[in-house]
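Engineer: Protein sequence lines correspond, in order, to chains A and B. Note that our numbering has the first sequence beginning at 120, numbered continuously upward. Note that our numbering has the second sequence beginning at 120, numbered continuously upward. Note that beta-carbon positions come from the ideal geometry of N, C-alpha and C, so glycine has one too. Just so it is clear, the structure is predicted and the values come from calculations on it, not from any experiment.
2 protein chains.
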Amino acid sequence: MLTHTEVMSRVSRMQEQLQAKGLDGALFIFAIDVYYFSGTRQNSTLWIPVEGEPILMVRKSLSRAKEDSPLKDIRPFPSSKEFAGILPPAALKIGFTYDVAPVQHFNFYAKLLADRELIDISLLNREVRSVKSPYEVEQIKASGDALSSVFAQVPDFLKEGMRELDLTAEFECRLRKSGNEGIVRMRAYNQELSGGLAVSTGGASYGFLDGPVTGRGLSNAAPQGATRDIIARNTPILIDYVGVFNGYNTDMTRIFVIGTLDPELQRAFDLALDIQNFVQRELKPGAICEELFFKALEIADKGGFGSSFMGMPGEQARFVGHGIGLEVDEYPVLAQGFKVPLQAGQIIAIEPKFNIPGKGAVGIENTFAVTPAGGQKLTNIPDEIVFL
Amino acid sequence: MLTHTEVMSRVSRMQEQLQAKGLDGALFIFAIDVYYFSGTRQNSTLWIPVEGEPILMVRKSLSRAKEDSPLKDIRPFPSSKEFAGILPPAALKIGFTYDVAPVQHFNFYAKLLADRELIDISLLNREVRSVKSPYEVEQIKASGDALSSVFAQVPDFLKEGMRELDLTAEFECRLRKSGNEGIVRMRAYNQELSGGLAVSTGGASYGFLDGPVTGRGLSNAAPQGATRDIIARNTPILIDYVGVFNGYNTDMTRIFVIGTLDPELQRAFDLALDIQNFVQRELKPGAICEELFFKALEIADKGGFGSSFMGMPGEQARFVGHGIGLEVDEYPVLAQGFKVPLQAGQIIAIEPKFNIPGKGAVGIENTFAVTPAGGQKLTNIPDEIVFL
Numbered sequence: 120m121l122t123h124t125e126v127m128s129r130v131s132r133m134q135e136q137l138q139a140k141g142l143d144g145a146l147f148i149f150a151i152d153v154y155y156f157s158g159t160r161q162n163s164t165l166w167i168p169v170e171g172e173p174i175l176m177v178r179k180s181l182s183r184a185k186e187d188s189p190l191k192d193i194r195p196f197p198s199s200k201e202f203a204g205i206l207p208p209a210a211l212k213i214g215f216t217y218d219v220a221p222v223q224h225f226n227f228y229a230k231l232l233a234d235r236e237l238i239d240i241s242l243l244n245r246e247v248r249s250v251k252s253p254y255e256v257e258q259i260k261a262s263g264d265a266l267s268s269v270f271a272q273v274p275d276f277l278k279e280g281m282r283e284l285d286l287t288a289e290f291e292c293r294l295r296k297s298g299n300e301g302i303v304r305m306r307a308y309n310q311e312l313s314g315g316l317a318v319s320t321g322g323a324s325y326g327f328l329d330g331p332v333t334g335r336g337l338s339n340a341a342p343q344g345a346t347r348d349i350i351a352r353n354t355p356i357l358i359d360y361v362g363v364f365n366g367y368n369t370d371m372t373r374i375f376v377i378g379t380l381d382p383e384l385q386r387a388f389d390l391a392l393d394i395q396n397f398v399q400r401e402l403k404p405g406a407i408c409e410e411l412f413f414k415a416l417e418i419a420d421k422g423g424f425g426s427s428f429m430g431m432p433g434e435q436a437r438f439v440g441h442g443i444g445l446e447v448d449e450y451p452v453l454a455q456g457f458k459v460p461l462q463a464g465q466i467i468a469i470e471p472k473f474n475i476p477g478k479g480a481v482g483i484e485n486t487f488a489v490t491p492a493g494g495q496k497l498t499n500i501p502d503e504i505v506f507l
Numbered sequence: 120m121l122t123h124t125e126v127m128s129r130v131s132r133m134q135e136q137l138q139a140k141g142l143d144g145a146l147f148i149f150a151i152d153v154y155y156f157s158g159t160r161q162n163s164t165l166w167i168p169v170e171g172e173p174i175l176m177v178r179k180s181l182s183r184a185k186e187d188s189p190l191k192d193i194r195p196f197p198s199s200k201e202f203a204g205i206l207p208p209a210a211l212k213i214g215f216t217y218d219v220a221p222v223q224h225f226n227f228y229a230k231l232l233a234d235r236e237l238i239d240i241s242l243l244n245r246e247v248r249s250v251k252s253p254y255e256v257e258q259i260k261a262s263g264d265a266l267s268s269v270f271a272q273v274p275d276f277l278k279e280g281m282r283e284l285d286l287t288a289e290f291e292c293r294l295r296k297s298g299n300e301g302i303v304r305m306r307a308y309n310q311e312l313s314g315g316l317a318v319s320t321g322g323a324s325y326g327f328l329d330g331p332v333t334g335r336g337l338s339n340a341a342p343q344g345a346t347r348d349i350i351a352r353n354t355p356i357l358i359d360y361v362g363v364f365n366g367y368n369t370d371m372t373r374i375f376v377i378g379t380l381d382p383e384l385q386r387a388f389d390l391a392l393d394i395q396n397f398v399q400r401e402l403k404p405g406a407i408c409e410e411l412f413f414k415a416l417e418i419a420d421k422g423g424f425g426s427s428f429m430g431m432p433g434e435q436a437r438f439v440g441h442g443i444g445l446e447v448d449e450y451p452v453l454a455q456g457f458k459v460p461l462q463a464g465q466i467i468a469i470e471p472k473f474n475i476p477g478k479g480a481v482g483i484e485n486t487f488a489v490t491p492a493g494g495q496k497l498t499n500i501p502d503e504i505v506f507l
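1. So LEU497(A) and ILE259(A) are in contact, right, with Cβ under 8 Å, and what is the actual spacing, rounded?
2. Three-state secondary structure (DSSP) at SER262(B)?
3. Closest Cβ-Cβ distance between LYS212(B) and chain A: below 8 Å?
4. At what residues does the alpha helix (DSSP H) containing VAL318(B) begin and finish?
5. Contact between the region 290-299 of chain B and the region 129-149 of chain A is defined here as three or more beta-carbon pairs at a separation below 8 Å; is this criterion met?
6. Leaving out five residues on either side along the sequence, give the residues of the same chain with a beta carbon under 7 Å from the beta carbon of GLU311(A).
7. Taking Cβ-Cβ distances shorter than 7 Å, what residues in chain A pair up with VAL222(B)?
8. Leaving aside the five residues before and after ASN365(B) along the sequence, list all residues of the same chain whose C-beta is less than 6 Å from its C-beta, in chain order.
9. Can you tell me where the beta strand (DSSP E) with ASP67(B) in it begins and where it stops?
10. Across which residues does DSSP place GLY228(B) in a beta bridge pair?
11. Beta-carbon separation of ASP218(B) and GLN136(A) under 8 Å?
12. Rounding to the nearest angstrom, what Cα-Cα distance links ASN396(A) and GLU484(A) in this structure?
13. If distances are taken between C-alpha atoms only, which option among ASP359(B), VAL153(B) and ASN162(B) comes closest to TYR308(A)?
14. For PHE413(B), count neighbouring C-beta atoms within 10 Å of its own C-beta (all shown protein chains included) and say buried if the count is 16 or more, exposed if not.
15. Whose CA, out of GLY204(A), LEU328(A), SER249(A) and SER427(A), lies closest to the CA of LYS179(B)?
16. Considering Cα atoms alone, identify which of CYS408(B), PHE473(B) and ALA463(B) is closest to GLU434(B).
17. Residues in the region 323-339 of chain B with C-beta within 9 Å of chain A's C-beta atoms, listed in sequence order?
18. Have a look at the DSSP bridge pairing and note the partners of PHE438(A).
19. So, are the CB atoms of ILE377(B) and GLU279(B) less than 8 Å apart?
20. From which residue to which residue does the alpha helix (DSSP H) around SER205(A) run?
21. Starting from SER511(A), find everything on chain B with Cβ-Cβ shorter than 7 Å and list it in chain order.
22. In the DSSP assignment, find the beta strand (DSSP E) that holds ASN162(B) and state where it starts and stops.
23. Using the beta-carbon count (16 or more within 10 Å), is ILE394(B) buried or exposed?
24. Where does ILE174(B) land, buried or exposed, given buried means 16+ other C-beta within 10 angstroms?
25. Given a limit of 8 Å on CB to CB distance, which residues of the region 341-360 of chain A reach chain B?
26. Output needed in chain order: residues of the region 294-314 of chain B with a Cβ under 7 Å from some Cβ in chain A.
27. Please state whether DSSP places ASP239(B) in a helix, a strand or coil.
28. Run through chain B and tell me which residues come within less than 9 Å of GLU152(A), C-beta to C-beta.
29. Can you look up PHE149(A) in the DSSP assignment and give me helix, strand or coil?
30. Assuming PHE88(A) and GLN399(A) form a contact by the criterion Cβ under 8 Å, report the distance between their Cβ atoms to the nearest whole angstrom.
31. Taking the DSSP output, what are the residues bridged to THR510(A)?
32. Excluding five sequence neighbours on each side, which residues of the same chain lie with their C-beta closer than 6 Å to the C-beta of PHE281(B)?
33. Between which two residues does the alpha helix (DSSP H) harbouring ILE394(A) extend?
34. Starting from LYS421(A), follow the beta strand (DSSP E) in both directions and report where the run begins and ends.
35. What residues match up with GLN465(B) in a beta bridge as DSSP calls it?
36. Say whether the region 373-392 of chain A touches the region 488-507 of chain A, bearing in mind that this needs 3 or more beta-carbon pairs closer than 8 Å, one atom from each stretch.
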């Protein structure tokens, strides 16, 4: 169970932001936000007033929510008549997460609170959640250790003649046994991830995923990740997986090769390491997110691989790293348009990758904490290509 | 790839409904709806006019969408200036799925279409999708066969001394190798499922999942499914898994026991079979959904297990079966409030279960097609408890 101190320190950081924006409080209805501020991922709505104790209103399960959450006021979800009376009458301006609230749910609350104003706090909420507490950093370190330990086992089970799908299944089996929770949570609309990717030349494919490598997947309904193709000798096998432990995600990628690697792919991989190492050194409070992306792009261009950086030709992703925590796609993003400075305690997955059609995808990914000394690596096994 | 005939027959069924409601067309933005009507699950928006050919506007990946979809008009997502011009000027009343569209996305489209009216078609869309085409029924049969084959292997890998988590990992590994796509899609807000549950006495737990059995899970962040507890002798081991193949879900549950079973649990299991068999016989076009639930409840009450039917005391689910297809929680639901008749071609998972605190959860689940002769079982292995 989270401590009352931990939860209230998160609530206080939100309250400061609400106060700064002139809001009287905020309603959270999305399960992951509710978990962050309450310590329980039951189906509930959380009222955070600009000052004072939150109120958790639970649809299901009330008894589990009471077991999980250190909050002092946990009650059944009220009737529609009672709802407005639970919020203070003076609370007229109320924050609401427009990014993850369906229109039907928004309309439900807007009707219950007809004389109040609901105001979008999606960005503010993502900013608050982007800075991790020491407790959260510990959880993410533990997540990185567990995920790394599965990557370290790959040479034991990666065999010639396997299908990409078999490699995926063997990896996921060991990840699950190590305590992986089985669901990767993504906030962005219409994005989803089945844990990760274990792909060979099919890695260099077009797909919906907002990332550098997607894989073709098993069908047009699930066009992502492994195929039924046999893994070939002398091709890069890219394994990119998210580990989820106690709710916290870490993200890493390693390359494995049975045999030898095309020198062009080796050069691209070495360039990815250069980019990662550069961004890691700069991963300090105050660094401007988009500048790190532009510099990464410059290194890729100078190295001669600009046209295959971060995606397939014509559909390249415009980032080199992303925030990560309870969701795999948290703020900030090292991407064009993110003119904000990094803050200590943010956690960033850096993932420079190159997609070379017909040859395959190579690159590296590790999860780092932003510190005054640069990025602290939390997925701590060697980066080099593993030749089998 | 879906055929143009298959996709256009789905589109036509939607067009008939739009016409009946006096709408001029509908915009679909949710990936699973877009897949259903277009054959591609790329990140796209689909315009279905009340008459004529749909237009698929693709954010990412355009090249993959063109490979996947038989639709004739597939184009890049237009600029904000161009968007309104793509829809016919006479299209003033436009259907939109309020159940799965975030407020931010709704506002984006409402602004682009400021002189038109967006109208909620969530219910209509779920009703259209609830009736499966012969192609879809074939896909669901194949999904049921693959899922059943993994259930049939359980006696090979379920061993005394395993943790619930190990059983989960071994089951998921085999399911994945058989072609399971790794993501169970749920439409209901704040619901999620990590593939399924493999639980022993911890099955009888309180949780957020809108179902009879939830499991305690590995943490408060993921309070669902297996725990790290060792599976005990002489307790019911409930395995409830969803298989996803070519996008299509099937859902089944079986009970395994190492040793012998408490006679009270055996009686509850036998009663679950009676309820399933009753509902299966009645699963014919014209049967009223909620009446099947009420009759199931009556059988549970008469059998002396009403207070543990479909959930933990005080938090019992009010249904006995649910529609299933591209999502695990489709329409119709055999639940209070569903006064609609069943239709041929609907697919229903019937899952009577009993949760007896301190003793465990027992029950059965199979996926059936609604036919004039009653439910046709698509998850075709024996229902009986497997004793090891």
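Structural biologist: Here's the rundown:
1. Locating residue 497(A) in the first sequence gives position 378, counting from the first residue. Locating residue 259(A) in the first sequence gives position 140, counting from the first residue. 6 Å between Cβ atoms; contact.
2. Translated into the one-based positions of the second sequence, residue 262(B) becomes position 143. Helix, per DSSP.
3. By one-based count along the second sequence, residue 212(B) stands at place 93. For LYS212(B), the answer is no, since every Cβ of chain A falls outside 8 Å of its Cβ.
4. As a working mapping, residue 318(B) is identified with position 199 in the second sequence. Where VAL318(B) is concerned, there is no enclosing alpha helix (DSSP H), although the beta strand (DSSP E) around it starts and stops at 315-318.
5. No, because fewer than three Cβ pairs between the region 290-299 of chain B and the region 129-149 of chain A fall closer than 8 Å, the two stretches do not touch.
6. Here residue 311(A) corresponds to residue number 192 of the first sequence, with the count starting at 1. MET305, listed in sequence order.
7. Your numbering for residue 222(B) matches position 103 in the second sequence. By Cβ distance, chain A contributes TYR217, ALA220, VAL222 and PHE225.
8. For the purposes of this step, residue 365(B) is taken as the residue at position 246 of the second sequence. Same-chain partners within the cutoff: GLN258.
9. Within the shown structure, residues of chain B are numbered from 120 to 507, placing residue 67(B) beyond reach of any answer.
10. Here residue 228(B) refers to the residue found at position 109 of the second sequence. Looking at the sequence itself, residue 228(B) is Tyr, so the reference to Gly does not match. DSSP output for TYR228(B) lists no bridge partner at all.
11. The residue given as residue 218(B) occupies position 99 in the second sequence. The residue given as residue 136(A) occupies position 17 in the first sequence. No.
12. In the first sequence, the residue the question calls residue 396(A) occupies position 277. In the first sequence, the residue the question calls residue 484(A) occupies position 365. Cα to Cα, the separation comes out at about 11 Å.
13. For this step, residue 308(A) is matched to residue 189 along the first sequence. For the options ASP359(B), VAL153(B) and ASN162(B), the alpha carbon positioned closest to that of TYR308(A) is the one of ASN162(B).
14. The residue you call residue 413(B) lines up with position 294 of the second sequence. Of the other Cβ atoms in all chains shown, fewer than 16 fall within 10 Å of the Cβ of PHE413(B); this residue is therefore exposed.
15. Walking along the second sequence from the start, residue 179(B) turns up at place 60. Of the candidates GLY204(A), LEU328(A), SER249(A) and SER427(A), the residue whose Cα lies closest to the Cα of LYS179(B) is LEU328(A).
16. Locating residue 434(B) in the second sequence gives position 315, counting from the first residue. Among CYS408(B), PHE473(B) and ALA463(B), the Cα nearest to that of GLU434(B) is on PHE473(B).
17. Answer set for the region 323-339 of chain B: SER324, TYR325, GLY326, PHE327, LEU328, ASP329, THR333, ARG335, GLY336, LEU337, SER338 and ASN339.
18. In the first sequence, residue 438(A) corresponds to position 319, counting from 1. DSSP output for PHE438(A) lists ALA454(A) as bridge partner(s).
19. Taking the first residue of the second sequence as position 1, residue 377(B) is located at position 258. Taking the first residue of the second sequence as position 1, residue 279(B) is located at position 160. With respect to GLU279(B), ILE377(B) sits close: the two C-beta atoms are nearer than 8 Å.
20. Within the first sequence, numbered from 1, the residue matching residue 205(A) stands at position 86. The residue asked about is misnamed: residue 205(A) is Ile in this sequence, not Ser. Residues 199-205.
21. Given a span of 120 to 507 for chain A in the structure shown, any question on residue 511(A) remains unanswerable.
22. If you number the second sequence from 1, residue 162(B) lands on position 43. Unbroken beta strand (DSSP E) run through ASN162(B): 162-168.
23. Translated into the one-based positions of the second sequence, residue 394(B) becomes position 275. Around the beta carbon of ILE394(B), 16 or more other beta carbons lie within 10 angstroms, which makes this residue buried.
24. Along the second sequence, read from residue 1 onward, the residue named residue 174(B) stands at position 55. Of the other Cβ atoms in all chains shown, 16 or more fall within 10 Å of the Cβ of ILE174(B); this residue is therefore buried.
25. Taking 8 Å as the cut-off between beta carbons, the residues of the region 341-360 of chain A near chain B are ALA341, PRO342, GLY344 and ARG347, in sequence order.
26. Those would be ARG295, LYS296, GLY298, GLU300, GLY301, ILE302, TYR308, ASN309, GLU311, SER313 and GLY314, in chain order.
27. Residue mapping note: residue 239(B) aligns to position 120 of the second sequence, counting from 1. Assignment of ASP239(B) by DSSP, reduced to helix, strand and coil, places it in the strand class.
28. On the first sequence, residue 152(A) is found 33 positions in, with the first residue counted as 1. One detail in the question is off: residue 152(A) reads as Asp in this sequence, not Glu. Listed along chain B is no residue with a C-beta nearer than 9 Å to that of ASP152(A); the closest approach is about 10 Å.
29. Taking the first sequence and counting its residues from 1, one reaches residue 149(A) at position 30. Annotated three-state conformation of PHE149(A) is coil, per DSSP.
30. Residue coverage of chain A in this structure runs from 120 to 507, which leaves residue 88(A) outside it and unanswerable.
31. The structure shown does not extend to residue 510(A), since chain A is modelled only from 120 to 507, so the question has no answer here.
32. Position 162 of the second sequence holds residue 281(B). In the sequence under discussion, the amino acid at residue 281(B) is Met, which differs from the Phe named in the question. Closer than 6 Å at Cβ, skipping near neighbours: ILE350.
33. For this step, residue 394(A) is matched to residue 275 along the first sequence. Its alpha helix (DSSP H) spans residues 382-401.
34. The residue given as residue 421(A) occupies position 302 in the first sequence. Here LYS421(A) belongs to no beta strand (DSSP E); instead the alpha helix (DSSP H) covers 408-421.
35. Indexing the second sequence from 1 puts residue 465(B) at position 346. Looking at the DSSP assignment, GLN465(B) forms a beta bridge with VAL250(B).
36. Yes, they touch.
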